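In our numbering, the protein residues as written are 238 to 478.
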Ligand SMILES: [Zn+2]
């Protein structure tokens with residue numbers, strides 16, 4: 238049993254993620270903000286949807302949820318802490334809760350920082366992390382509601398996942414993140430290699446994600462920050478970059 242995650246490009250630079258449980262054929266979608274594009278993508282893949290997973294309340298992640306739910310009559314999962322500003326939830330979750338998709342189960346990880354109620358989902362089967370706007374490839378989410386301390390602690394939790402974990406994030410920001418990251422670590426060979434790889438992927442019209450946790454641990458300065466003060470300093474510099 239394994240989860241296969243495929244990015245679905247929507248809006249200007251967002252990714253929704255289509256999840257398929259290989260054993261049962263069950264299908265999930267993460268952050269379906271553009272109903273038309275999501276419904277079309279699901280129809281192309283057989284017209285089945287069992288589950289919607291929401292990472293946080295921003296419009297570019299939740300906007301299409303009710304329309305997609307109505308079309309497929311599926312279940313919607315999101316953070317209990319943000320129930321008041323999310324679409325209606327069938328399962329409101331907190332840290333450590335399990336979410337079932339077919340024969341696979343995701344663990345809910347609280348990852349405040351970008352927003353207060355942000356959550357990530359980790360499927361051990363297939364090693365898939367849905368990182369929303371917490372962890373991007375070569376970057377991390379802006380601190381819109383949370384503090385540097387919260388985001389640093391959220392990133393530490395993600396860093397503890399297996400190195401092979403596929404980091405499935407909410408935006409195609411990798412190229413611009415790379416331009417900043419290299420100013421923080423100009424001599425990091427893994428970062429230079431990742432920047433070159435992303436340039437090729439984007440030139441070929443391919444998504445730069447998912448990356449892997451091992452790749453992010455080697456190249457992402459936000460994940461590599463050794464303490465909270467260093468993280469806060471890098472985050473503040475990126476905001477002005
Ligand atoms: Zn957001």
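All residues carry an ideal CB built from backbone N, CA and C; glycine is no exception. No experiment lies behind these values; they were computed from the predicted model shown.
For residue i, collect the residues of the same chain with a Cβ closer than 6 Å to its Cβ; drop the 5 residues on either side in sequence, then sort them by chain order.
i, result
"residue 363", "239, 240"
"residue 285", "264"
"residue 427", "455, 456"
"residue 257", "241, 264"
Heavy atom of ligand 1 less than 8 Å from the Cβ of residue i, yes or no?
i, result
"residue 476", "no"
"residue 250", "no"
"residue 298", "yes"
"residue 381", "yes"
"residue 315", "no"
"residue 352", "yes"
"residue 369", "yes"
"residue 407", "yes"
"residue 301", "no"
"residue 378", "yes"
What does the alpha-carbon distance come out to for the pair residue i and residue j?
i, j, result
"residue 345", "residue 358", "5 Å"
"residue 469", "residue 463", "11 Å"
"residue 373", "residue 319", "22 Å"
"residue 327", "residue 304", "15 Å"
"residue 365", "residue 445", "16 Å"
"residue 329", "residue 423", "43 Å"
"residue 405", "residue 251", "11 Å"
"residue 394", "residue 334", "15 Å"
Quick one: what's got a C-beta closer than 7 Å to residue i's C-beta in the same chain, skipping five residues either side?
i, result
"residue 421", "458, 471"
"residue 375", "411, 414, 415, 418, 431, 456, 457"
"residue 324", "299, 302, 303, 313"
Is residue i near ligand 2, going by C-beta to nearest heavy atom under 8 Å?
i, result
"residue 293", "Because ligand 2 does not appear in the structure shown, any question about it cannot be addressed here, the ligands present being ligand 1."
Flag residue i as yes if its beta-carbon sits less than 9 Å from any beta-carbon of chain B, otherwise no.
i, result
"residue 320", "Given the protein chain composition of this structure (a single chain), no chain B is represented."
Starting from residue i, trace the beta strand (DSSP E) in both directions and tell me its first and last residue.
i, result
"residue 359", "356 to 360"
"residue 255", "251 to 258"
"residue 247", "240 to 247"
Only counting the same chain, and skipping five residues up and downstream in sequence, which positions put a Cβ closer than 8 Å to that of residue i?
i, result
"residue 436", "412"
"residue 398", "359, 364, 366, 450"
"residue 273", "301"
query: Whole alpha helix (DSSP H) runs in the segment 268 to 299 with 4 or more residues, listed along the chain?
result: 272 to 281, 296 to 299
query: Counting only runs that start and end within the segment 302 to 370, where is the alpha helix (DSSP H) found for 4 or more residues in a row?
result: 302 to 309
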